[in-house]
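What follows is a single structure, written as structure tokens, with notes after it.
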Amino acid sequence: MNDMSRIKHLAIDRYHGDRLANNGPVHWERAWENAKLLIPITKANPIVVQLFCYLHDCCAVNCIEEPDHGPAAAFFIKQNKKSFSFLSAQEFKLLVDACAEHTFHALSQDPTIGTCWDADRLDLGRLGIYPKAEFFSTQAAKDPQIIERAYQNSIAKVA
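Heads up, the sequence shown is in the numbering used here, so the first residue is 4 and it goes up one at a time.
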């Protein structure tokens, strides 16, 4: 099993919510699909962004008003630091910071953190919200075609 598969399983094992819920693994996969649209444009670190997509909500229990799930995910990552030995110290810090602060509706000038948050926010259709460009950190995520594509994906029925 490669590092990414191992981390993905670690996140799924940690997640105690409904697997099909708004913050569950189905959302994580859509966030990663969104990220793959953004990374070539933003030049974000793809490893950090992919890890963020799988870990940012791993400590969420429900979908409503749970602002501590981001800091909880960051704490979980720190508790399991040995599992992330393939990351540089800078990559590890970016991952922890991106997870810790993603629930606070901020914007980031850092291309990797901004891409993480934008990939997550592009999936707001799952909550009945059409994403608005002013809430994105990167220019790539503000592209109306990317917003529409992500929105349509986020409202599609899960098979």
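Every residue, glycine too, gets a C-beta built ideally from N, C-alpha and C. Here the structure is a predicted model, which means the values were calculated and not measured.
- Under the three-state reduction of DSSP output, Val-99 falls in the helix class.
- Under the Cβ criterion (8 Å, minimum of three pairs), the stretch 134-143 does not count as touching the stretch 94-103.
- Nearest neighbour of Ile-10 by Cα position, chosen from Arg-124, Lys-84, Asn-48, Gly-73, turns out to be Lys-84.
- For Asn-5, there is no enclosing alpha helix (DSSP H), since its DSSP letter is neither H nor E.
- Contact check for His-30 and Asp-126: beta-carbon distance about 6 Å, within the 8 Å limit, so the pair qualifies.
- At the C-beta level, Asp-6 and Phe-89 come within 8 Å of one another.
- Here the alpha carbon of Asn-25 sits roughly 20 Å from the alpha carbon of Ile-149.
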